[in-house]
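98 is the number that my numbering gives to position 116 of the sequence shown; each next residue is one higher, with no gaps.
Contents: one structure, followed by commentary.
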Amino acid sequence: LKYGSDKHKELASKVKYLFINGDIVDGVGVYPGQEKDISIQSIDKQYAKFKELISKVPDDIKVIITPGNHDSVRIAEPQPAFDKNFSYPLYDLPDNFILSSNPSLINIHSSSSFEGYNVLMYHGYSFDYYVGNVSKFRKHGYINSALLLRSLLRKRHLAPTHGSTLIAPRFVDDLMLDGVPDILTAAHVHAPSHTRYKHVWNVVTSCWQAKTEFQERVGHNPVPGVAYLFSLKNNSFRIMDFRL
């Protein structure tokens, strides 16, 4: 790490894994009039810019990247890993980068004496349905989405209501929770929140983009510049606030 305080540099030197839970880019044509809101109009150039920025991560850190509904994949879930026809800059990233699907179950830090931590990554597209249709989530669902995520964990499904997300027809329901993860993480709402339910961490991540007019129209209240740092030793989280 070349930037930040000595404390930040010390913490960064201990980082082993970096999870990026989509959206990776703003996308193109996601909503009417989007072309007025974005400075990079081409989807492949958006990914090229992301590659330029993320390539600064040291190669001793494993970086796991999954897509969201703005990325160059089908919107129906489960979403496959990024489409190489549009996001080809990502496929030139070094070997420490892993491109995976949404949702994805990732095991980290395992060894012969430790089974590791299972991290279930889900972008969170079904959140919009529950905020719009379930009264207990309507007021604070976008502010404290970890409570919504906890509800999905209890139901053992990432979109348990018919119509809560678009489903790709498959023989296996990939949105059903088969087993219990150590960490269930989502994104989508651009505001960080976390809770714990029966030893499972429920973590909704922040973003790195200030509030846009579109987000204001759909009721999102972004809190950018906040990251969660997980201790592999103590099974605990701390919040890193990078806001100026």
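Here a beta-carbon is modelled for each residue, glycine too, at the ideal position from N, C-alpha and C.
Checklist entry - Sorted by chain position, which residues of the same chain lie with C-beta nearer than 6 Å to residue 223's C-beta, five sequence neighbours on each side aside? => result 208
Checklist entry - If you compare alpha carbons, which of 134, 151 and 150 is closest to residue 143? => result 134
Checklist entry - Below 8 Å between beta carbons: does that hold for residue 125 and residue 173? => result yes
Next on the checklist: With the cut-off set at 8 Å, would you say residue 111 and residue 145 are in Cβ contact?
Outcome noted: yes
Next on the checklist: Closest to residue 48 by C-alpha separation, out of 178, 136 and 72, would be which residue?
Outcome noted: 72
Item to check | Within the region 128 to 181, ranges of the beta strand (DSSP E) (whole runs, at least 3 residues) | outcome: 165 to 168 and 175 to 179
Checklist entry - So what's residue 61 in DSSP terms, helix, strand or just coil? => result strand
Checklist entry - Considering residue 220, what are the terminal residues of the beta strand (DSSP E) in which it resides? => result 218 to 223
Item to check | One or two residues paired with residue -2 in a DSSP bridge | outcome: DSSP output for residue -2 lists no bridge partner at all.
Checklist entry - On the three-state DSSP scale, how would you describe residue 185? => result strand
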